[in-house]
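Chemist: The structure's right below; bear with me while I get my questions together.
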Amino acid sequence: MDILILKTGLMGLLIRFIIKHPDIMESKLFLKAMAVFPSKISKSYDDKIAEIGEDYQAALEKGLPRIRKNPRRILDLCTGTGFAAFAASDHFPDATIEAIDQSKEMIRIAMQKASAKNKDAIQFKIGNSTALQYNDNTFDLMITSNAPVYLSEAARVLKPGGLILIAYSFSGPSFVKAAKHISRYLAKDGLTLLEIKNVRKGAYILGRK
Ligand SMILES: C[S@@+](CC[C@H](N)C(=O)[O-])C[C@H]1O[C@@H](n2cnc3c(N)ncnc32)[C@H](O)[C@@H]1O
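Its first residue numbered 241, the sequence shown is counted upward by one per residue in the working numbering.
Here it is, written out as structure tokens:
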């Protein structure tokens, strides 16, 4: 348990640093770490989510009902073992959901879970959020949770008027404090900040193209 607190504390520190320096997500070192590290933690990932419990889910679960119009086509970026894709599927049972992650180990676990839960509406695929294999203006809603966000690609494949929901389970107050900064960051890619809200330890950010 102490190790978990230490790890979530470190995650909080990392998130706070990235909020102030978002360009770090494009750096070679960060991209390399993201290409290697997730595969190493994939097997124990869902156990960690379960240990963290309600704090992990709260921000995304509060954010999803803020999307008033039912989206037909949803993309979950950096899906990992599918946490946000499954939550979106429960919330929007009629939507088609595509969910990508560059870690094949994470995707393999997500696919096993989809099959066990009979979630045919979710397609899990290996993919890179920095170079999406989709046409411009394809999705009604983009979601992502606890992951780096590559806004220019996300904005490109989002339909005009489409929504983006970004959720983090940690460092909620830091996101709220940085609202102006986040608003400017979204605006660079033609996105408007609609709402940013602290939920338990985390926060959700809702934007529109
Ligand atoms: C902390 S996990 C979060 C997983 C899931 N969204 C959740 O909330 O549980 C971050 C995930 O982002 C993925 N990721 C990081 N950079 C990526 C990129 N450029 N393209 C695709 N996936 C990426 C990692 O492989 C990892 O599975």
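We put the beta carbon where it would ideally sit given N, CA and C, even for glycine. Just so we're clear, the structure is a prediction, and the values are computed from it rather than from any experiment.
Ligand 1 and Gln342: does the residue's C-beta get closer than 8 angstroms to at least one heavy atom of that ligand?
Modeler: It does: the Cβ of Gln342 is within 8 angstroms (strictly closer) of some heavy atom of ligand 1.
Chemist: Can you tell which of Gln297, Thr336, Glu294, Pro278 has its C-alpha closest to the C-alpha of Ile349?
Modeler: Of the listed residues, the one whose Cα sits closest to Ile349 is Pro278.
Chemist: If you measure from the beta carbon of Leu269 to each beta carbon in chain B, is any gap under 9 angstroms?
Modeler: Annotation note: the requested chain B is absent from the structure, which comprises a single protein chain.
Chemist: Note the first and the last residue of the continuous alpha helix (DSSP H) segment covering Gln297.
Modeler: 294 to 303 is the extent of the alpha helix (DSSP H) around Gln297.
Chemist: Rounded to the nearest angstrom, what separates Asn438 and His261 at their Cα positions?
Modeler: Near 20 angstroms, if we compare the C-alpha coordinates of His261 and Asn438.
Chemist: Does ligand 1 have a heavy atom nearer than 8 angstroms to the CB of Asp376?
Modeler: Not under cutoff, so the answer is no.
Chemist: Measuring only from the beta carbon, is Phe289 closer than 8 angstroms to any heavy atom that is part of ligand 1?
Modeler: The identity of residue 289 in the sequence shown is Ile, whereas the question assumes Phe. Yes, since a heavy atom of ligand 1 falls inside the 8 angstroms radius drawn around the Cβ of Ile289.
Chemist: Taking just the CA atoms, how far does Ser282 sit from Arg312?
Modeler: Roughly 29 angstroms between the two C-alpha positions.
Chemist: Using DSSP's beta-bridge definition, name the partner residues of Ile383.
Modeler: BP columns for Ile383 point to Asp316, Leu405.
Chemist: Using 8 angstroms as the cut-off, can you tell me whether the segment 420 to 428 makes contact with the segment 284 to 292, which would need three or more C-beta pairs spanning the two stretches below that distance?
Modeler: No, because fewer than three Cβ pairs between the segment 420 to 428 and the segment 284 to 292 fall closer than 8 angstroms, the two stretches do not touch.
Chemist: Comparing alpha-carbon positions, which option in Tyr390, Lys420, Ser385, Arg306 lies nearest Gly442?
Modeler: Among Tyr390, Lys420, Ser385, Arg306, the Cα nearest to that of Gly442 is on Ser385.
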